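Colleague: I am attaching a structure below and will ask some questions about it afterwards.
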């Protein structure tokens, strides 16, 4: 038996998404072609874009389809940076962002961008006061809607208002949050002045049951953003390249399906997750829940197992058929000590002893039972 | 038994893992990440910690149908192997990092973790054999003398030997291992052998050491203490070295001179005639036995002082101070810090780290 508790890494493909993809794959033609076949493809593409826009609370023209979260984040941060005001030289970067953001900003820093780091609290929530204080005069600000490792949900509304008040363009990384918390680009953007406040928001398809290789960047009409890719005028000139019609259809289907069940799933998954957390702490009293106990993604259980070697825990759980994760980035298959856990004020040892279990659409009581049956022995053997 | 196969991405560990699977063991593959700053692609035959090497190991595990993991031992490796290498050189000694890696990482940190996780043995692609002797498992030389790696395994103790598995030890030649890899469809069948020191990617040990140890000008003296030249950093010299001395004062007899000794405290390099390199006796405190400690306090043996040196007949004397070995013929190119592995026939008895050497030629000779 296999038990999949790593939905945050990639969630199984939804049947609706697969069907939409297969149906769209029958359509012949390049959506940019002017002939009838091209027009058929274009029609399906734009219908999908409208559906995606409706789910994300934005205008269809604001949806730029990408190959996933990483491309969306790169496009937003690099594009906003390249179009910055002449006197703005800094990027506002919270300490616990995803590597797609951290590494993009690091590359921009190498190219001359100043970085204004913003601390997070012990639950990995972005310090709003510090974030606000870092904004004035910055070229770009970025923030996670929900932390991909700990599941802690930030106050995206307040972050967006702060950026709007400071007149700084803000990108929100909603990759982990999408499908789990209500998201409306329009409401988050509010009445921000042109080209500042919330101007961009990233999502990835495979976190919500669309195929890997799909994703979107919402770009406000008024945003000033230079393109990353050149070679065609597709998607407002922001993302050159032949558009992926089946991918768009599948993303639209997955977003629609996940939004339809979001509230019920939040209740179901929160209950499963709490049983998992409580159960683990009963058999491993040393285990400590990381992140905000209440304002966290419904399917996320991120726990510290003091003194344990994360690699050994993952191995032993895998031998029991359980897929979990450290949640942090990998280099050649090696989990680095989590920069998120360290940003929360923990030691590097702690950062190597944290495990993330994430539940999703296909999760059941059997998954929780499997972990509860295996974790005590695994912890005992994985501890130094 | 449950076997944890250490897979470097090279052909030896790949075939070793394949044989372990074929022998019916329950095998899991693991690649040790020994450097956090490993490169992406393999260049030539150096290194073992690139992403490409990890991928090669993974693809072999896929072929064998076994689970595969990459474990991060970079911190332990840095502390126990790289830092040890640097501090040994700083102390004027010449360490063998492969031996240290076997002692501290593969058959210590990894083996301990393997046992914790329920494995019975760690399997590697080393060329050495295990023989069931009267007093338990014995470590012996490999069948292929040219590939024999028992020297770098000389640091293993009885407990470690009891939990190791060397499926390649009885293979008559490396060529057979490569042919077997090709036959099994292992992609790395023709991958070049690794050599040099894996954590010095460009192979420039002296340059690397100069950076880590720092290079400071000092004197080159003869055995009577007379200054005969200058150097740019004592660490760059190894006992037995002849080239690159650039001596200002010629030897009285006009013969070439060799490095006899490196004295890090005074940053001095001592040179002398080739004959003075001959070592009549070596001894050291830090030692280990690959099985039960010898019953006799002195006995006939063979001693080997480098991975590819010939063994020399000798006599060993044990005391509370450690081990002293007197070879029947003088040894050449002995430097403190090297390990001397003691053999009786093909069997590895144990080893000690050389602290002290006695020249076969008195100073005034």
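Protein chains in written order, with the working numbering: chain A, 1 to 384; chain B, 1001 to 1365. C-beta: ideal position from N, C-alpha, C; glycine also. Keep in mind that this is a model prediction, so the values were computed, not measured.
(1) Anything in the region 155-184 of chain A with a Cβ closer than 9 Å to a Cβ of chain B? List those residues in chain order, please.
(2) Does any C-beta atom of chain A lie closer than 8 Å to the C-beta of residue 1113 of chain B?
(3) Tell me, please, whether the region 145-163 of chain A touches the region 17-24 of chain A by the rule of three or more beta-carbon pairs shorter than 8 Å.
(4) Would you say residue 361 of chain A faces chain B, with C-beta separation under 8 Å as the test?
(5) Looking only at C-alpha atoms, which of A/360, A/194, A/91 and A/230 sits nearest to residue 106 of chain A?
(6) Is residue 1123 of chain B helix, strand or coil when you go by DSSP?
(7) Shorter than 8 Å from the beta carbon of residue 1072 of chain B to some beta carbon of chain A?
(8) Apply the 10 Å Cβ neighbour rule to residue 62 of chain A and answer buried if 16 or more other Cβ atoms are within range, or exposed otherwise.
(9) Taking Cβ positions, are residue 1228 of chain B and residue 1271 of chain B nearer each other than 8 Å?
(10) Could you tell me which chain B residues have their CB closer than 8 Å to the CB of residue 120 of chain A, listed as they occur along the chain?
(11) Residues in the region 308-325 of chain A with C-beta within 9 Å of chain B's C-beta atoms, listed in sequence order?
(12) Just the C-alpha distance for residue 1094 of chain B and residue 129 of chain A, rounded to the nearest angstrom, thanks.
(13) Go ahead and label residue 100 of chain A buried or exposed: buried means 16 or more other beta carbons lie within 10 angstroms of its beta carbon, across all protein chains shown.
(14) Per DSSP, residue 379 of chain A forms a beta bridge with which residues?
(15) Can you check the region 1067-1111 of chain B for any alpha helix (DSSP H) of at least 4 residues that lies completely inside it and give the ranges in chain order?
(16) Taking any Cβ of chain A, which residues in the region 1098-1131 of chain B have a Cβ under 8 Å from it, in chain order?
(17) Taking the alpha-carbon positions, what's the residue 1306 of chain B to residue 1339 of chain B distance?
(18) Below 8 Å on C-beta distance, what does residue 381 of chain A contact in chain B?
(19) Here's the rule I'm using: 16 or more other beta-carbon atoms within 10 Å means buried, otherwise exposed. How should residue 1207 of chain B be labelled?
(20) Could you check whether the Cβ of residue 1221 of chain B sits closer than 7 Å to any heavy atom belonging to the ligand COA?
(21) Run the CB neighbour count on residue 1357 of chain B, radius 10 Å, all protein chains shown included, and call it buried at 16 or more, exposed below.
(22) Roughly how many whole angstroms lie between the Cα atoms of residue 154 of chain A and residue 1188 of chain B?
(23) So residue 1140 of chain B is in the beta strand (DSSP E); what residue range does that whole segment cover?
(24) So, do the region 1118-1132 of chain B and the region 1070-1084 of chain B have three or more beta carbon pairs nearer to each other than 8 Å?
(25) What does the alpha-carbon distance come out to for the pair residue 139 of chain A and residue 81 of chain A?
(26) Assign residue 286 of chain A to buried or exposed, taking buried as 16 or more other Cβ atoms, counted over all protein chains shown, within 10 Å of its Cβ.
(27) Excluding sequence positions up to five away, which residues of its chain have a Cβ less than 8 Å from the Cβ of residue 1178 of chain B?
(28) Would you mind sorting residue 35 of chain A into buried or exposed? The rule is 16 or more other CB atoms within 10 Å of its CB.
(29) Just tell me which of B/1108, B/1352, B/1280 and B/1131 has its CA closest to the CA of residue 1362 of chain B.
(30) If you draw a straight line from the alpha carbon of residue 1162 of chain B to that of residue 1121 of chain B, how long is it in whole angstroms?
(31) Around the C-beta of residue 244 of chain A, are 16 or more other C-beta atoms found within 10 angstroms, so that it is buried, or is it exposed?
(32) In chain B, which residues lie less than 7 Å from residue 334 of chain A when you measure between Cβ atoms?
(33) Would you check if the region 1207-1219 of chain B and the region 1234-1246 of chain B touch, i.e. whether three or more CB-CB distances between them fall below 8 Å?
(34) Look up residue 300 of chain A in the DSSP assignment and give the residues it is bridged to.
(35) What's the C-alpha gap between residue 1132 of chain B and residue 1139 of chain B?
(36) Can you give the Cα-Cα distance for residue 249 of chain A and residue 360 of chain A, rounded to whole angstroms?
Modeller: Working from what's here:
(1) Under the 9 Å Cβ criterion, the region 155-184 of chain A contributes no residue.
(2) Within the second chain, residue 1113 of chain B is the residue found at index 113, counting from 1. Taking 8 Å as the CB threshold, residue 1113 of chain B lines the interface with chain A.
(3) Output reads no: the region 17-24 of chain A does not touch the region 145-163 of chain A.
(4) Numbered from 1 along the first chain, position 361 holds the residue referred to as residue 361 of chain A. Judged by the 8 Å Cβ criterion, residue 361 of chain A is not in contact with chain B.
(5) By 1-based counting over the first chain, the position of residue 106 of chain A is 106. Residue 106 of chain A has its Cα closest to that of A/91, out of A/360, A/194, A/91 and A/230.
(6) Looking up residue 1123 of chain B in the second chain gives position 123. In the structure shown, the three-state DSSP call for residue 1123 of chain B is strand.
(7) As a first step, residue 1072 of chain B is located in the second chain; it is residue number 72 there, counting from the start. Yes, residue 1072 of chain B counts as interfacial toward chain A.
(8) Numbered from its first residue, the first chain carries residue 62 of chain A at position 62. Label assigned to residue 62 of chain A: buried.
(9) Position 228 of the second chain, counting from 1, holds the residue named residue 1228 of chain B. Position 271 of the second chain, counting from 1, holds the residue named residue 1271 of chain B. In this structure, residue 1228 of chain B sits near residue 1271 of chain B, with a CB-CB distance shorter than 8 Å.
(10) Indexing the first chain from 1 puts residue 120 of chain A at position 120. Here the premise fails: no neighbours, minimum Cβ distance about 24 Å.
(11) Listed in sequence order: 309, 311, 312, 314, 315, 316, 318 and 319.
(12) Taking the first residue of the second chain as 1, we reach residue 1094 of chain B at position 94. Taking the first residue of the first chain as 1, we reach residue 129 of chain A at position 129. Each residue's alpha carbon lies about 56 Å from the other.
(13) Against the first chain, residue 100 of chain A aligns to sequence position 100. Residue 100 of chain A is buried by the Cβ-count criterion.
(14) The count along the first chain starts at 1 and reaches residue 379 of chain A at position 379. As far as DSSP is concerned, residue 379 of chain A takes part in no beta bridge.
(15) Taken in chain order, the complete alpha helix (DSSP H) segments of 4 or more residues contained in the region 1067-1111 of chain B are 1074-1077, 1083-1090 and 1097-1101.
(16) Those would be 1113, 1116, 1117 and 1118, in chain order.
(17) Stepping through the second chain from its first residue, residue 1306 of chain B is reached at position 306. Stepping through the second chain from its first residue, residue 1339 of chain B is reached at position 339. The alpha-carbon of residue 1306 of chain B is positioned some 7 Å away from that of residue 1339 of chain B.
(18) Your numbering for residue 381 of chain A matches position 381 in the first chain. Neighbours of residue 381 of chain A in chain B, taken as residues at a C-beta separation under 8 Å, are given in chain order as 1116, 1117 and 1118.
(19) Residue mapping note: residue 1207 of chain B aligns to position 207 of the second chain, counting from 1. Counting Cβ neighbours within 10 Å, residue 1207 of chain B comes out exposed, since fewer than 16 surround it.
(20) Among the components of this structure there are no ligands whatsoever, and the ligand COA is therefore not found.
(21) One-based indexing of the second chain puts residue 1357 of chain B at position 357. Burial call: buried.
(22) For this step, residue 154 of chain A is matched to residue 154 along the first chain. For this step, residue 1188 of chain B is matched to residue 188 along the second chain. Computed Cα separation, rounded: 48 Å.
(23) Position 140 of the second chain, counted from the start, is the residue given in the question as residue 1140 of chain B. 1136-1141 is the extent of the beta strand (DSSP E) around residue 1140 of chain B.
(24) The way I'd put it, the region 1118-1132 of chain B doesn't touch the region 1070-1084 of chain B; fewer than three beta-carbon pairs between them come closer than 8 Å.
(25) Translated into positions along the first chain, residue 139 of chain A becomes position 139. Translated into positions along the first chain, residue 81 of chain A becomes position 81. Rounded to the nearest whole angstrom, the CA to CA distance from residue 139 of chain A to residue 81 of chain A is 6 Å.
(26) As a first step, residue 286 of chain A must be located in the first chain, where it is residue number 286. Under this definition residue 286 of chain A is an exposed residue.
(27) Taking the second chain and counting its residues from 1, the one referred to as residue 1178 of chain B is at position 178. Taken in chain order, the residues that qualify are 1011, 1189 and 1190.
(28) Taking the first chain and counting its residues from 1, the one referred to as residue 35 of chain A is at position 35. By the neighbour-count rule (16 or more Cβ atoms within 10 Å), residue 35 of chain A is not buried but exposed.
(29) Looking up residue 1362 of chain B in the second chain gives position 362. Ranking the options by Cα distance to residue 1362 of chain B, first place goes to B/1280.
(30) Taking the second chain and counting its residues from 1, the one referred to as residue 1162 of chain B is at position 162. Taking the second chain and counting its residues from 1, the one referred to as residue 1121 of chain B is at position 121. Per the coordinates, the alpha-carbon of residue 1162 of chain B lies some 8 Å from the alpha-carbon of residue 1121 of chain B.
(31) As a first step, residue 244 of chain A is located in the first chain; it is residue number 244 there, counting from the start. Under the 10 Å beta carbon count, residue 244 of chain A is surrounded by 16 or more other beta carbons and is classified as buried.
(32) Sequence index remark: in the first chain, residue 334 of chain A carries index 334 (1-based). Correct list: 1033, 1070 and 1072.
(33) With the cut-off at 8 Å, the region 1234-1246 of chain B and the region 1207-1219 of chain B touch.
(34) Within the first chain, numbered from 1, the residue matching residue 300 of chain A stands at position 300. For residue 300 of chain A, which the question treats as bridged, DSSP gives the partners A/358.
(35) Within the second chain, numbered from 1, the residue matching residue 1132 of chain B stands at position 132. Within the second chain, numbered from 1, the residue matching residue 1139 of chain B stands at position 139. Residue 1132 of chain B and residue 1139 of chain B have their C-alpha atoms some 9 Å from each other.
(36) Working through the first chain from its first residue, we reach residue 249 of chain A at position 249. Working through the first chain from its first residue, we reach residue 360 of chain A at position 360. Cα to Cα, residue 249 of chain A sits roughly 22 Å from residue 360 of chain A.
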